[in-house]
Amino acid sequence: MKRFLSALLVAAVIVGVLSPSLIAEAATKLTVTTDVLRVREKPSTSSKILGNVYKGNVYTSKGTSGSWYKISYKSRTGYIHKNYVKSSSSKYTSTGTKYTTVGTLNVRTGAGTKYKVVGQLNKGVAVATYGTSGSWTRILYKGSYRYISTQYVSKSKPSTTTKKLNVPYYNQYSLGYPSGCEFVSLKMALEYKKKAVSAASLYNQMPKSMKNATYKNGKYYWADPEKMFTGNPAGTLDYYKNWGIYPKGILPLAKKYRSGAVDISKQGVSKIESEIRSGNPVIVWATVDFKNPYGYFSWIKPDGKTFTGYRNYHVMLVTGVSSGSFYVSDPYRGKYSVSRSQFTSVFNQTGQYALSVR
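Reading the sequence shown from the start, the letters are residues 447 to 804 in my numbering.
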């Protein structure tokens, strides 16, 4: 019966059609109204079939030719018959097709995290875009205008192949620096870039307060981790004791050996992936075992501003990427992979801090 109906549908579409000149149209969205509709290479029933589209699928019209709409289909130009789609004028001007760069990307009803999630997109999905609203990109999703975070879309289709960098591994405890994850990660990256530097040398050169936090009048006071290590990397990490240093603080040391080293904080996981695929290991600020951060505590920096840290703070080196995972050389736990969704979640929760060693 299904075959009969399919044949009937195809027969209905087979109408003798000439190929008049293509007529340009304003942006129009097309919603498929039949169960299965064939996409043709040219506006004719005798033309080669490129594939099928299905009921509810939405496309943007690229123009018309007689009884056919021109659409973009799997990176090619195709044609679908007007009888089996519902057309409506676009409220917004099309800004082209873009691709999602992360898995499980939330689609929201409005431009902000306060709006309802109505769906999710996988990595590499092509989406028709219609401008932006703040840091959000407007897309056409199941026939309605929805929003996705702009930092997770790209003009080029992301690679789905696995890329791994053969980076040497060192353990921070074996080297004698229980809280030295930052510069031990840097050591691994530098050696990959053919710059062999001892852990002791990096320890001596890295700016550090060598003091734990002080408590006075109900408040803690400590060094600024964006300028120096808070405490001593050779000591054990704990609340207000031997905590850490952020990208801005360690960047000058990285640039001493690799002038191209760059702070890529606040640019999302897509930037990390781009750096890895370009052959550059990336130091990331996250948590032990990529668990959600916990045990938040704060102190007053020398400039009078408050800084908030967390108990399971940890830094490691990202050395590889695939469609669903990131590969990590962790100076504490060893080498392992982290799902893209978990990596992204923790990276976002801890502030998106990262440094690429180019």
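Even for Gly, the Cβ is constructed at its ideal location relative to N, Cα and C.
Quantities reported herein were computed from a predicted structural model and do not represent experimental measurements.
Enclosing alpha helix (DSSP H) for S787 [first to last residue]: That run of the alpha helix (DSSP H) goes R786 to Q795.
The region 684 to 697 touching the region 772 to 779, judged by at least three CB pairs closer than 8 Å: Taking 8 Å as the limit for Cβ pairs, the verdict is that the region 772 to 779 does not touch the region 684 to 697.
Supposed close pair A659, Y666 - CB separation, criterion 8 Å: Confirmed, about 5 Å.
L697 beta carbon less than 8 Å from that of Q651: Cβ distance not < 8 Å, so Q651 and L697 don't count as in contact.
Option nearest F743 by Cα separation, candidates G755, K520, G622 and A669: Comparing Cα positions, the closest option is G755.
DSSP three-state assignment for V803, whether helix, strand or coil: Of the three classes helix, strand and coil, the one that applies to V803 here is coil, per DSSP.
Contiguous beta strand (DSSP E) assignments of at least 3 residues, all confined to the region 660 to 726: For the region 660 to 726, whole beta strand (DSSP E) runs of length 3 or above, ordered along the chain, are 660 to 662 and 665 to 667.
Euclidean distance between Cα positions of S507 and Y515: Roughly 6 Å separates the two Cα atoms.
Given 8 Å, three or more beta-carbon pairs between the region 596 to 608 and the region 557 to 566: In short, these stretches do not touch, since the Cβ pair count stays below three.
Reduced DSSP secondary structure (H/G/I, E/B, other) of V553: DSSP places V553 in strand when its eight states are reduced to three.
N688, buried or exposed, once every other Cβ within 10 Å from all chains shown has been counted against 16: Its Cβ being crowded by 16 or more others within 10 Å, N688 is buried.
Short Cβ contact (8 Å threshold) for T546 with G570: Yes.
Reduced DSSP category for A642 - H, G, I as helix; E, B as strand; rest coil: Three-state DSSP puts A642 in coil, outside helix and strand.
Where P650 falls: helix, strand or coil (DSSP): Sequence check: residue 650 is Asn here, not Pro. N650 carries a helical assignment under DSSP once its states are collapsed to helix, strand and coil.
Rounded Cβ spacing between N503 and V478 (contact assumed at less than 8 Å): Rounded to whole angstroms, the Cβ separation of N503 and V478 is 5 Å, and the two are in contact under 8 Å.
CA nearest to the CA of K712, picked from R592, S490, G589 and W731: It is W731.
Pairwise C-alpha distance: Y616 and P727: Looking at the two C-alpha atoms, the distance is approximately 15 Å.
Length of the line joining the Cα atoms of K488 and K528: Those two C-alpha atoms are separated by around 14 Å.
Distance cut-off 7 Å: V784 Cβ against heavy atoms of the ligand HEM: Ligands in the displayed structure: none, and consequently the ligand HEM is not present.
Inter-residue Cα distance where the pair is G509 and P739: C-alpha of G509 to C-alpha of P739: approximately 51 Å in a straight line.
With 16 other Cβ atoms within 10 Å as the buried cut-off, status of T752: With fewer than 16 Cβ atoms within 10 Å of its Cβ, T752 is classed as exposed.
Span separating the alpha-carbon of S631 from that of V599: Taking the straight line joining both Cα atoms gives about 29 Å.
Residues that K610 bridges to, as DSSP identifies them: BP columns for K610 point to G766.
Alpha carbon of S785 to alpha carbon of Q795, nearest angstrom: If you take the alpha carbons of S785 and Q795, they lie about 16 Å apart.
Spatial neighbours of G577 in its chain, beta-carbon cut-off 6 Å, leaving aside the 5 residues before and after: The beta carbon of G577 lies closer than 6 Å to those of Y538, T541 and R584 in the same chain, with the five residues before and after it left out.
Distance between K603 and R554 (C-alpha atoms, nearest Å): Distance between the alpha carbons of R554 and K603: 22 Å.
Residues sharing a beta bridge with N498, DSSP: In DSSP, N498 forms a bridge with R484.
Coil, strand or helix - T477 by DSSP: Three-state result, T477: strand.
Backbone secondary structure at I506 - three-state DSSP: Here the sequence assigns Thr to residue 506, which means Ile is not the residue at that position. Strand, per DSSP.
Contact belief for Y623 with A680 at Cβ below 8 Å, rounded distance in angstroms: Contact flag correct, Cβ pair sits at about 5 Å.
Where the beta strand (DSSP E) containing Q566 begins and where it ends: Segment V563 to L567, the beta strand (DSSP E) holding Q566.
Identity of the residues DSSP links to V761 by a beta bridge: BP columns for V761 point to W731.
Within 8 Å, strictly: CB atoms of S533 and T491: Result no, Cβ atoms of S533 and T491 do not sit closer than 8 Å.
Test item: CB-CB of V499 and Y525 under 8 Å: Remark: C-beta atoms of V499 and Y525 do not approach each other more closely than 8 Å.
Given K657 as reference, the closest of G580, G750, M674 and I495 once Cα atoms are compared: The option with the nearest alpha carbon to K657 is M674.
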